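In the working numbering, the protein residues as written are 47 to 158. Cβ atoms here follow ideal geometry from the backbone N, Cα and C, with glycine treated the same way. Just so we're clear, the structure is a prediction, and the values are computed from it rather than from any experiment. A quick write-up on the structure given underneath.
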DNA sequence: ACCGTGACTGACG
DNA sequence: ACGTCAGCCACGG
């Protein structure tokens, strides 16, 4: 399987990676961008998540910014939906900040 | 084909 | 340690 297959649209490549994030783990926009070979496309990764709403298989709640802050929660219908989904997987969140972030971090560069 | 937009990031003061 | 600034890049109009 080639998640970074260049023949696929950038968004599709992003989704391919996000789908492989294990439950209870999280990663960052930048980490995904770097894995796809476009380290400076972190913003575009977030843009892709925005369009991923129609794709139920894409666990967008497992993608946060580099310090573990839930910067994308405003795009989750409610303002607590993202946090609740994370805590449901055993990831403690306090004031939009994932606790023990490095401990839950999942780097596609190392794991894939 | 050009321009504005954004769920980011690293550097700087 | 914390707020601010400026690059970056893919998408849609």
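According to DSSP, which residues form a beta bridge with residue i?
| i | result |
| --- | --- |
| residue 115 | 143 |
| residue 151 | 72 |
Among the candidates the options, whose CA atom is the shortest distance from the CA of residue i?
| i | options | result |
| --- | --- | --- |
| residue 86 | 96, 149, 75 and 158 | 75 |
| residue 152 | 61, 59 and 109 | 109 |
| residue 150 | 157, 72 and 139 | 72 |
| residue 82 | 101, 97, 99 and 58 | 58 |
| residue 106 | 70, 155, 55 and 145 | 70 |
| residue 155 | 123, 84 and 116 | 84 |
Quick check on residue i: does DSSP put it in helix, strand or coil?
| i | result |
| --- | --- |
| residue 66 | coil |
| residue 157 | helix |
| residue 133 | helix |
| residue 48 | Here the model assigns residue 48 a pLDDT of 45, short of 50, so the residue's position is not dependable and the matter cannot be decided. |
Notebook entry, point to check: What runs of the alpha helix (DSSP H), each 4 residues or longer, lie entirely inside the segment 68-129?
Noted result: Correct list: 75-81 and 88-97.
At least three beta-carbon pairs within less than 8 Å, the segment 128-142 to the segment 78-94: By the C-beta criterion, the segment 128-142 is judged not to be in contact with the segment 78-94, since fewer than 3 inter-stretch pairs fall below 8 Å.
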